[in-house]
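In this text, residue positions in the sequence shown follow the UniProt record's numbering: the first is 1, and each later residue adds one. Glycine residues also receive a C-beta, built at the ideal position from the N, C-alpha and C atoms. Each remark here refers to the structure printed beneath this line.
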Amino acid sequence: MARALVHLTSYCDRGFRLTACAGASEEKPCPAVLPEKARGARVLVLGGTGRVGGSTATALSKLCPDLRLVIGGRNRDKGAAMVATLGRNSQFMQVNIEDASSLESALKDADLVVHAAGPFQQTNSCPVLEAAIATKTAYIDVCDDTNYAFRAKSFSNKAKSANIPAITTAGIYPGVSNVMAAELVRAAKSESKGEPERLRFYYYTAGTGGAGPTILATSFLLLGEEVVAYNKGEKIKLKPFSGGLNIDFGKGVGKRDVYLLNLPEVSTVHEVFGIPTVSARFGTAPVFWNWGMEAMARLLPPEYLRDRSKVQRLVQLFDPLVRAVDGFAGERVSMRVDLECSDGRNTIGIFTHKRLSVSVGFATASFVLAVLEGSTQPGVWFPEEPEGIAVEAREILLKRASEGTSSFVMNKPPWMVETEPKELGLGIYV
Ligand SMILES: NC(=O)c1ccc[n+]([C@@H]2O[C@H](COP(=O)([O-])OP(=O)(O)OC[C@H]3O[C@@H](n4cnc5c(N)ncnc54)[C@H](OP(=O)(O)O)[C@@H]3O)[C@@H](O)[C@H]2O)c1
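Rendered as structure tokens:
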């Protein structure tokens, strides 16, 4: 029931400049003033009893207290605990996304559904998206799997026919990182004569980033997937967790080792913008987790790492140890997106937050609000597509998503942001 969706009419009255917005954290949150028809919209958060879904519901309640939030999950006790923290305007609904009738009845009265009940890896259908189209409910997911993302995209015509706006991969990474890439490309095209040639995503998260057990399953499942990257227009396949680089994430994080992973934003950004060379790398801390992941990718057969039930057993084995290490590792998250153009122009965006578990909620909530504000066309879109997030809606989306960041910088040359810029001599930095 996408009745509450209307076209974007209002932005936050306190704008910010994407060209220089470091220190966004010092500003107050940018509460959403939704158009009249979208106020009081009913948002169903599937996986709302988990870390990402719960954090999304919390961020929505802060950004837009008028929304009615429905927390969907299988476990009543976890649901009751979540509703108790959200307070008024929230309720729990028992839903199993593997049960079509339970799903459809949950979606019947929702204006928008957020699908955060992962893992998305090694699945072969999109039941929540299909139910959203069948019940005419707007949709976003926090998918981080390439096959799932393109499967969701294949429902675009059905969503268009049903007049339903939907965005896939709408979390922090992928999600906000795609919008950062889109803004770097837009600025490069308007400010330089060169063409975008190379785009690289670098991600760092300490420990699990305070995320739930599903993120551990996701990481292991990704280690079983060959990495898709693009080199001068050619699709290449590489070993997971190979190709290590030491990347400077700027203040508060510094230099970190990152490794290739198979992430959907590589293929979607390549497809949407036609950028010839694209890749994504990820690294964690403490450093021995990187070594552990490298060893798993090398030593365990890929078939084993692609088997969801075997991976679930691995998660049960490792979870207590991982949680114990999380206690001192913290949960800082940093994303760096680098764009190089044919005329030598090189710009980056950096987004750093002390707590992934909080930041992922603001990131996902920003997509929810953009859809409710009418920024998204009917169809299924990736975040970087203008039909997904209208170009003029990116600024407010990034503003909301960067709530609480310790550093958020866009469209700067690397030397202005890095902790140890390289000097070529005579005060010239690269
Ligand atoms: N794009 C991004 O930026 C991004 C970032 C981080 C994580 N993620 C993805 O987000 C997903 C969730 O991660 P998390 O850390 O929140 O995991 P989590 O804490 O384990 O939460 C998963 C939630 O899904 C629910 N769930 C699982 N199976 C379900 C089913 N069949 N029906 C209904 N609910 C079900 C669980 O609730 P019950 O057990 O109560 O049913 C639980 O609340 C993962 O797939 C992860 O990869 C994406």
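What residues are listed by DSSP as bridge partners for residue i?
{"i": "Leu-339", "result": "Leu-199, Thr-347"}
{"i": "Ser-407", "result": "Thr-352"}
{"i": "Ala-140", "result": "The identity of residue 140 in the sequence shown is Ile, whereas the question assumes Ala. Looking at the DSSP assignment, Ile-140 forms a beta bridge with Val-114, Ile-167."}
{"i": "Tyr-230", "result": "Lys-235, Val-278"}
{"i": "Pro-378", "result": "Pro-165"}
{"i": "residue 431", "result": "In this structure the chain extends from 1 to 430, so residue 431 is not present and cannot be described."}
{"i": "Thr-205", "result": "Thr-284, Val-333"}
{"i": "Asn-246", "result": "Asp-257"}
{"i": "Leu-299", "result": "Partner(s): none; Leu-299 has no beta bridge."}
{"i": "Val-43", "result": "Leu-69, Leu-112"}
{"i": "Lys-399", "result": "Paired residue(s): none; Lys-399 is not in a bridge."}
{"i": "Lys-412", "result": "Ile-348"}
Determine the closest residue to residue i out of the options, with distance taken between C-alpha atoms.
{"i": "Glu-195", "options": "Val-185, Ile-215, Tyr-202", "result": "Val-185"}
{"i": "residue 437", "options": "Ser-161, Ala-188, Ser-156, Gly-50", "result": "Nothing in the structure corresponds to residue 437, since the chain is present only between 1 and 430."}
{"i": "Val-311", "options": "Glu-340, Gly-224, Val-253, Ala-393", "result": "Gly-224"}
{"i": "Asn-75", "options": "Val-33, Ile-97, Asp-307", "result": "Ile-97"}
{"i": "Val-266", "options": "Ser-366, Gly-175, Ala-131, Asn-124", "result": "Gly-175"}
{"i": "Thr-405", "options": "Ser-359, Leu-372, Gln-377", "result": "Ser-359"}
{"i": "Asn-262", "options": "Ser-55, Pro-301, Leu-221", "result": "Leu-221"}
{"i": "Met-416", "options": "Glu-403, Ser-357, Asp-248, Arg-298", "result": "Asp-248"}
{"i": "His-270", "options": "Gly-171, Ile-236, Gly-243", "result": "Ile-236"}
{"i": "Lys-251", "options": "Phe-288, Arg-345, Thr-352, Phe-328", "result": "Thr-352"}
{"i": "Ala-106", "options": "Glu-294, Gly-72, Gly-207, Lys-354", "result": "Gly-72"}
{"i": "Ala-188", "options": "Leu-372, Arg-345, Ser-366", "result": "Arg-345"}
{"i": "Glu-234", "options": "Ile-275, Thr-56, Asn-246", "result": "Ile-275"}
{"i": "Ala-32", "options": "Met-410, Arg-400, Lys-239, Phe-92", "result": "Arg-400"}
{"i": "Asp-111", "options": "Ala-38, Ser-102, Asn-147", "result": "Ala-38"}
{"i": "Ala-181", "options": "Ala-280, Asp-109, Glu-104", "result": "Ala-280"}
{"i": "Tyr-204", "options": "Trp-291, Ala-285, Thr-169", "result": "Ala-285"}
{"i": "Gly-47", "options": "Met-82, Pro-35, Glu-226", "result": "Met-82"}
{"i": "Glu-420", "options": "Gly-54, Arg-256, Lys-136", "result": "Arg-256"}
{"i": "Thr-268", "options": "Glu-331, Ala-297, Asn-147", "result": "Asn-147"}
{"i": "Leu-398", "options": "Leu-372, Gly-388, Ser-366, Ala-390", "result": "Ser-366"}
{"i": "Gly-207", "options": "Ala-324, Thr-364, Arg-42, Thr-137", "result": "Ala-324"}
{"i": "Thr-376", "options": "Ser-61, Ala-390, Leu-69", "result": "Ala-390"}
{"i": "Ile-164", "options": "Arg-151, Pro-378, Val-287", "result": "Pro-378"}
{"i": "Ser-61", "options": "Glu-104, Asp-77, Phe-362", "result": "Phe-362"}
{"i": "Lys-108", "options": "Val-43, Ala-57, Cys-64", "result": "Val-43"}
{"i": "Lys-354", "options": "Val-368, Ala-370, Val-333", "result": "Val-333"}
{"i": "Ser-101", "options": "Thr-135, Ala-229, Gly-244", "result": "Thr-135"}
{"i": "Thr-56", "options": "Thr-85, Pro-35, Leu-34, Glu-36", "result": "Thr-85"}
{"i": "Ala-329", "options": "Ile-350, Gly-210, Lys-78", "result": "Gly-210"}
{"i": "Glu-104", "options": "Thr-137, Asp-77, Leu-300, Val-368", "result": "Thr-137"}
{"i": "residue 511", "options": "Ala-393, Pro-301, Gly-244, Val-179", "result": "No answer is possible for residue 511: the residues shown for the chain start at 1 and end at 430."}
{"i": "Leu-34", "options": "Val-371, Pro-320, Lys-412", "result": "Val-371"}
{"i": "Val-171", "options": "Val-114, Val-227, Glu-331, Val-287", "result": "Residue identity differs from the one stated: residue 171 is Gly in this sequence, not Val. Per the Cα distances, Val-114."}
{"i": "Ser-342", "options": "Lys-232, Pro-320, Phe-241", "result": "Lys-232"}
{"i": "Glu-294", "options": "Gly-243, Asn-411, Leu-314", "result": "Gly-243"}
Identify, in the order they occur along the chain, each residue of the same chain with its Cβ nearer than 7 Å to the Cβ of residue i, setting aside the five sequence neighbours on each side.
{"i": "Thr-218", "result": "Gly-118, Pro-119, Gln-121, Asp-144"}
{"i": "Val-272", "result": "Phe-382, Glu-384, Glu-385"}
{"i": "Ser-177", "result": "Phe-201, Glu-265, Met-335, Val-337"}
{"i": "Thr-123", "result": "Tyr-148"}
Between which residues of its own chain and residue i is the CB-CB distance below 6 Å, once the five residues before and five after are set aside?
{"i": "Arg-198", "result": "Thr-277, Glu-340"}
{"i": "Ala-166", "result": "Tyr-139, Ala-159, Val-380"}
{"i": "Pro-414", "result": "Ile-348"}
{"i": "Tyr-304", "result": "Lys-310"}
{"i": "Thr-214", "result": "Gly-118, Pro-119"}
{"i": "Tyr-11", "result": "Here Tyr-11 scores only 33 on pLDDT, less than 50, and its place in the model should not be relied on; the value that follows carries that caveat. Contacts found: Ile-396."}
{"i": "Cys-21", "result": "Note that Cys-21 scores 39 on pLDDT, short of 50, meaning its location in the model is unreliable; the coordinates nonetheless yield the value given after this. Result list for Cys-21: Phe-408, in chain order."}
{"i": "Lys-153", "result": "Val-380"}
{"i": "Ala-149", "result": "Cys-143, Thr-168, Thr-169, Pro-264"}
{"i": "Arg-306", "result": "Gln-122, Gly-224"}
{"i": "Thr-58", "result": "Gly-361"}
{"i": "Gly-53", "result": "Val-45, Gly-47, Ala-116"}
Can you find the residues in the same chain that come closer than 8 Å, C-beta to C-beta, to residue i, ignoring five residues on each side of it along the sequence?
{"i": "Phe-155", "result": "Cys-126, Leu-129, Glu-130, Ile-133, Ala-166, Val-380"}
{"i": "Glu-418", "result": "Asp-248, Gly-250"}
{"i": "residue 464", "result": "Residue 464 lies beyond the stretch modelled for the chain, which goes from 1 to 430, so this question has no answer here."}
{"i": "Asn-157", "result": "Gly-379"}
{"i": "Asn-89", "result": "Ser-61, Pro-65, Asp-66, Leu-67, Arg-68, Leu-69"}
{"i": "Glu-387", "result": "Thr-376, Gln-377, Gly-379, Trp-381"}
Is residue i close to chain B, meaning its C-beta is less than 8 Å from at least one C-beta of that chain?
{"i": "Phe-367", "result": "The displayed structure is made up of one protein chain only, and chain B is not part of it."}
- Task: List in chain order: all unbroken alpha helix (DSSP H) runs of 4+ residues lying wholly within the stretch 61–141.
- Result: Listed in chain order, they are 76–86, 100–107, 127–134.
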